[in-house]
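**Q** Per my numbering, the sequence shown runs over residues 576 to 686. Got a structure for you, questions after.
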Amino acid sequence: MNTNELKDQIVEWIDAKGGEDIEAIDVKGKTLLADIFIIASGNNERQVKAISDHIQAEASKLELRPKGIEGERTARWILLDYYDIIVHIFHKEERAFYNIERLWKEGARPE
Numbered sequence: 576m577n578t579n580e581l582k583d584q585i586v587e588w589i590d591a592k593g594g595e596d597i598e599a600i601d602v603k604g605k606t607l608l609a610d611i612f613i614i615a616s617g618n619n620e621r622q623v624k625a626i627s628d629h630i631q632a633e634a635s636k637l638e639l640r641p642k643g644i645e646g647e648r649t650a651r652w653i654l655l656d657y658y659d660i661i662v663h664i665f666h667k668e669e670r671a672f673y674n675i676e677r678l679w680k681e682g683a684r685p686e
C-alpha cells in the first residue's frame, strides 16, 4: 500500500468513527517528520480515543504499527506516527486552540 492509499484508508477509518473536519495536508519537502499530516476532530475525549483505537486496530490488520503514539492518556490530542503519515486527532477545543493547520497552510491538500 502506498502512502496515498494509506492516507485515503485512514481518512475512511476516521470518518467511520464520526471524526469531523478531516484534513489531509501534503507536507512533503516542508518537514522531515512526514509526507502527510491528517488532522481530525472528535467531540469529546471518548470519541478521540475511539477514533485512535479504530485506526490502530484497522492498521494492525494490514500489519502496520505506529512508530509512536502520544496523548492517549488525556485523549485531548492524540498523535499517531505512521512514518510517512502523522495523524492528529484533536478534541474540538484543542484543535481550535492550537490551529496547526495554520502552521502548514502552504502545504497542498493531497487528492
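Every residue gets a Cβ at the ideal spot worked out from N, C-alpha and C, and that includes glycine. Nothing here was measured: the structure is a model prediction, and the numbers come from that model.
(1) Examine chain D for any beta-carbon lying closer than 9 angstroms to the beta-carbon of residue 630, and answer yes or no.
(2) Taking its Cβ as the centre, do 16 or more other Cβ atoms sit within 10 Å of residue 596, making it buried, or is it exposed?
(3) Could you name the residues that DSSP lists as bridge partners for residue 625?
(4) With a CB to CB cut of under 7 angstroms and the five nearest residues on each side skipped, what residues in its chain are close to residue 607?
(5) Can you list, in chain order, the residues of its chain whose CB lies under 6 angstroms from that of residue 657, leaving out five sequence neighbours each side?
**A** Reading from the atomic positions:
(1) The question asks about chain D, but that chain is absent: this structure has only one protein chain.
(2) exposed
(3) Answer is none; residue 625 lacks a bridge partner.
(4) none
(5) 641
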